[in-house]
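What follows is a set of notes on a single structure, which appears directly below.
See below:
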């Protein structure tokens, strides 16, 4: 029994030992298997998350690559340039084509192009009226980086979208690059929803978190963060475990953590960064799914019998897990191949390096050779050189410090520095990346992307320099004394300066920008501008009204961008405005002063000249015959001396009169008050009339006068009297400074201009003095030895007259040999105004000839002047030729005298107290009893046009030209009445209008008719003094014969208008009296 017991004990103990060992082994195996299973499950969810992350990364990289490829294409470059010019059609077509070629299977894909000002177009809607300058993705891309936006709700569709945006860089003609806009690809959130759906298994769900800890996507149905509905950041969660997990995710770490929410069951959270973004993704799995089947040791004891089954099961699960891992590895290889292809298409250098001083590259993409000139193989593992050796020595320390600081705070880094290429060229790069940490939290590697930003840096530098120049220029413009207004090509206000805003009492400049000029307080300026002329490049000068009854002068000019081979690009208009109120007041004061002084001088001069003339006449008519009978030599000598003294008085008074006329002329020209009577004329006639006027100068000087005039001469456009004044002045100067020889007057045609030359053989002018002769009050030569002759205003007046006609005047001279004064005038164009002087002369002659002479023994003349001496002078002159003279001191007294005794003619001054001559003439013409009394104005005031409009008959100036005055008076008295009514009949409305304006300016009352029948009816109704009719119209209706036999029409003057026979002047109208 003992051996049996022993055996039994052995068996027992063996069994106990066996089972004990088995139990211990089972427990050990169970514990080991439990640990292995837990690790396997945790690895499994990490592997699942990693595999899905690669799929999501590939999708995002594909969209990013698609946007960058399109932005860098040549066709899109042309479309963007066209959009900058306002033509968006190529851009919209390119966006539509990009959508059609897109590999995206999302139901919503939108390509968008925005320029730097925020205007944009899409492939769906084309050019829109909206603006996206406030969108974060636009702001990030316009800053020069590719950006994946957080989800946002579309303004137009309401869908949740994401956006990949990248800058559009254009190369300028100089080789520099600049950011011209933003290209964005908007796509729906479906790729993230599909990613979340892949984890939807009972209570599992996925998360996407941005770098602020905001949950962008989540699969548990809880609220997520959107711009319109913000949610708290996980970094600020009350649960410390959740906050710690969120910090690890934001820091870009990878791991699995157990999380036990206080109000829910425990969970495992697997997380890792989403490559290519600054987001992180996570997979949340209930702890029960991981720990299911792993009971306590107390349950293991009860299940010892099934240890091996459990072991086999666990082994099977391990094998399954291994198979899944192998499958995952295969998928990882495929994803790596896709990722490698994507990296090769990125316009930058993708790298991974160790965190050491050499930046030892573990991987670097082949694009590095384009950037640095070194192959990638030479840089990997520092085979031939380190990447750190390529960094510019001046940047090495700064780059290391910035990267170290980013790693310390576990943040991505973005640093710009210079590298040195293999050829020695320096390039700027932007290095964007982040670190990788081991389980102890030590940074072990860096990975990121290098972009070449050399052109962007150059463009930024150029932009900064341009900005500095613009700021300096803006300061100058802001402080200009004159007002400055800059308008866009469409007429919108772009800039104003302080002076302009002060003139118009405008608010701050910021309130005016972008407002149309015609809707601003400067609407008067907008109406006055000749926009079309300025756009054509013609500088425009105009007067405008400023607030506060002030006057401004605005000069508008075109702003254009010069082009090398094409016409300059029109950009806008610049307007300079100057307040000339004070200048106008000064001009008016000067003009009034000169007029007053002139009046005070000319009035006594008129008396001096008039009475001197009367004395001379009396000496010659009465005293000379009586003294001749005395035959007393002493008396004879005294008589001759008195006569010579009177001649001196007369000559000096005339000289003084000419000087006063010069001063008045220059003052009127400066004040812009000269009345110009422009017409087509022949310069040969101007020369002849000027030489006739100066013939006495040649007789007294003994100089010869030569003419060098062509047989035929094109017409010019000008004021006949003013051009005669120029030639008379030049000829007088030539005679004045020439002692012997001759003066030659010539004309020649040079191109489209006629050149008049006055050549003398006089003393000549020194070369240094030639530019000075046309200055006001300037006389060349030594004033101590060469006594000045005149005021020095004659040539200045000539210069202003010639320049008003669009011409130029100059002098060519050799000292001691003579001078040649020349001026040129543009030839008249085909559309020039007709020469109406022959019409006026012929009309005057015919009316005087056809007016019956009214015989009357004594004609009564009313003399109206406020100066007693002038009235006495005129009385003596008029009574000396047999007229009866009445006198009046002013207009009021003149009207009273007319009522008392109707005169045959009124001779009247203009400037008089109480009522001036113009007002008096208007009253006389509006009174039927005096409407036909001839009126002659005799004044120093040169305002003929106003006088003729009032209906006066003649306008003469003081000092009095006695023969002219008596001749005009005699002619008017022979007429008996003031005959002024003229009928114009012509189909050509332009001819009728021109003739009407000219005749009305000469004092005629004009009635118009468009055809012969209308002309006959109006002639019978108004009984005109003269009829100017087109020859063809007259023939069609036999107007002349019809009206000749009508009562009271026997003495009507007929003038026929027709085409001139001179073939060299087609269309020149001629006149023929009937």
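Numbering (my numbering), first residue to last: 704 to 1777. Glycine included, each C-beta is placed from N, C-alpha and C at the ideal position.
Looking at the unbroken beta strand (DSSP E) that takes in residue i, where does it start and where does it end?
{"i": "residue 1382", "result": "1381 to 1384"}
{"i": "residue 1519", "result": "Element bounds for residue 1519: n/a, residue is neither H nor E."}
{"i": "residue 697", "result": "It is not possible to answer for residue 697, since the shown part of the chain is limited to 704 through 1777."}
{"i": "residue 1198", "result": "1196 to 1199"}
{"i": "residue 1164", "result": "From DSSP, residue 1164 is part of no beta strand (DSSP E) but of the alpha helix (DSSP H) over 1157 to 1181."}
{"i": "residue 989", "result": "983 to 989"}
{"i": "residue 1831", "result": "In the structure displayed, the chain extends from 704 to 1777; residue 1831 sits before or after that span and is not available."}
{"i": "residue 1077", "result": "No beta strand (DSSP E) contains residue 1077, which DSSP labels as neither H nor E."}
Between which two residues does the alpha helix (DSSP H) carrying residue i extend?
{"i": "residue 908", "result": "Where residue 908 is concerned, there is no enclosing alpha helix (DSSP H), although the beta strand (DSSP E) it sits in stretches over 908 to 912."}
{"i": "residue 1501", "result": "1497 to 1507"}
{"i": "residue 1099", "result": "1096 to 1111"}
{"i": "residue 1262", "result": "Careful: residue 1262 lies outside any alpha helix (DSSP H), inside the beta strand (DSSP E) at 1253 to 1264."}
{"i": "residue 1602", "result": "1594 to 1603"}
{"i": "residue 1661", "result": "Careful: residue 1661 lies outside any alpha helix (DSSP H) and carries neither H nor E."}
According to the Cβ coordinates, are residue i and residue j closer than 8 Å?
{"i": "residue 934", "j": "residue 912", "result": "no"}
{"i": "residue 1430", "j": "residue 1459", "result": "yes"}
{"i": "residue 1673", "j": "residue 1657", "result": "no"}
{"i": "residue 828", "j": "residue 885", "result": "no"}
{"i": "residue 1153", "j": "residue 980", "result": "no"}
{"i": "residue 1440", "j": "residue 1421", "result": "no"}
{"i": "residue 986", "j": "residue 752", "result": "yes"}
{"i": "residue 1600", "j": "residue 1591", "result": "yes"}
{"i": "residue 1609", "j": "residue 1565", "result": "yes"}
{"i": "residue 1504", "j": "residue 1392", "result": "no"}
Using the Cα positions of residue i and residue j, report the straight-line distance between them to the nearest angstrom.
{"i": "residue 1172", "j": "residue 924", "result": "57 Å"}
{"i": "residue 802", "j": "residue 856", "result": "21 Å"}
{"i": "residue 1719", "j": "residue 1749", "result": "11 Å"}
{"i": "residue 1246", "j": "residue 1257", "result": "6 Å"}
{"i": "residue 1263", "j": "residue 1452", "result": "36 Å"}
{"i": "residue 867", "j": "residue 891", "result": "11 Å"}
{"i": "residue 1427", "j": "residue 1665", "result": "22 Å"}
{"i": "residue 1576", "j": "residue 1690", "result": "51 Å"}
{"i": "residue 1405", "j": "residue 1443", "result": "8 Å"}
{"i": "residue 1701", "j": "residue 1352", "result": "40 Å"}
{"i": "residue 1141", "j": "residue 787", "result": "51 Å"}
{"i": "residue 1004", "j": "residue 746", "result": "Any reading at residue 1004 must be qualified, since the residue scores a pLDDT of 41, below 50, and its modelled position is unreliable; no value is offered."}
{"i": "residue 851", "j": "residue 1181", "result": "43 Å"}
{"i": "residue 1646", "j": "residue 1382", "result": "19 Å"}
{"i": "residue 654", "j": "residue 874", "result": "Coverage of the chain is limited to positions 704 through 1777, which leaves residue 654 absent and any answer about it impossible."}
{"i": "residue 1033", "j": "residue 772", "result": "29 Å"}
{"i": "residue 1319", "j": "residue 1467", "result": "38 Å"}
{"i": "residue 1499", "j": "residue 1587", "result": "45 Å"}
{"i": "residue 711", "j": "residue 969", "result": "In this prediction, residue 711 has a pLDDT of 43, which is less than 50 and means its spatial position is unreliable; what the coordinates show is noted afterwards. Roughly 51 Å separates the two Cα atoms."}
{"i": "residue 1598", "j": "residue 1218", "result": "59 Å"}
{"i": "residue 952", "j": "residue 1146", "result": "16 Å"}
{"i": "residue 1650", "j": "residue 1641", "result": "11 Å"}
Beta-carbon within less than 6 Å of residue i's beta-carbon, same chain only, minus the 5 sequence neighbours each way: which residues are those?
{"i": "residue 1778", "result": "Because the chain is modelled from 704 through 1777, residue 1778 falls outside the range shown and cannot be assessed."}
{"i": "residue 1523", "result": "1460, 1462, 1515"}
{"i": "residue 1231", "result": "1245, 1247"}
{"i": "residue 1283", "result": "1254, 1256"}
For residue i, verify whether its CB is less than 7 Å away from any heavy atom of the ligand MG.
{"i": "residue 846", "result": "As far as ligands go, the structure on display features none, and thus does not contain the ligand MG."}
Note down, in chain order, each residue of its chain lying with its Cβ closer than 8 Å to the Cβ of residue i, except the 5 sequence neighbours on either side.
{"i": "residue 1228", "result": "1188, 1220, 1247, 1257, 1278, 1280"}
{"i": "residue 1536", "result": "Its pLDDT being 44, under 50, residue 1536 is placed unreliably in this model, and the value from its coordinates should be taken loosely. Answer for residue 1536: 1381, 1382, 1383, 1420, 1697, listed in chain order."}
Residues in the same chain with beta-carbon distance under 7 Å from residue i, minus the five sequence neighbours each way, listed in chain order, please.
{"i": "residue 708", "result": "In this prediction, residue 708 scores a pLDDT of 45, lower than 50, which makes its location untrustworthy; the coordinate-derived value is nonetheless stated afterwards. Closer than 7 Å at Cβ, skipping near neighbours: no residue."}
{"i": "residue 1401", "result": "1408, 1438"}
{"i": "residue 822", "result": "834"}
Is residue i close to chain B, meaning its C-beta is less than 8 Å from at least one C-beta of that chain?
{"i": "residue 1377", "result": "The structure shown has no chain B; it contains just one protein chain."}
* To do: Decide if the segment 1710 to 1719 is in contact with the segment 1686 to 1699; the criterion is three or more beta carbon pairs, one per stretch, under 8 Å apart.
  => Contact between the segment 1710 to 1719 and the segment 1686 to 1699 is present: three or more C-beta pairs spanning the two stretches fall below 8 Å.
* To do: Indicate whether the contact test is met: 3 or more Cβ pairs, each with one atom in the segment 1354 to 1364 and one in the segment 1302 to 1322, closer than 8 Å.
  => Yes, they touch.
* Asked: Is the segment 1118 to 1125 touching the segment 1088 to 1099, taking contact as three or more C-beta pairs under 8 Å?
  -> Flag = yes, the segment 1118 to 1125 and the segment 1088 to 1099 touch.
* Asked: Are at least three pairs of beta-carbons, each pair with one atom in the segment 1059 to 1070 and one in the segment 1087 to 1094, less than 8 Å apart?
  -> Taking 8 Å as the limit for Cβ pairs, the verdict is that the segment 1087 to 1094 does touch the segment 1059 to 1070.
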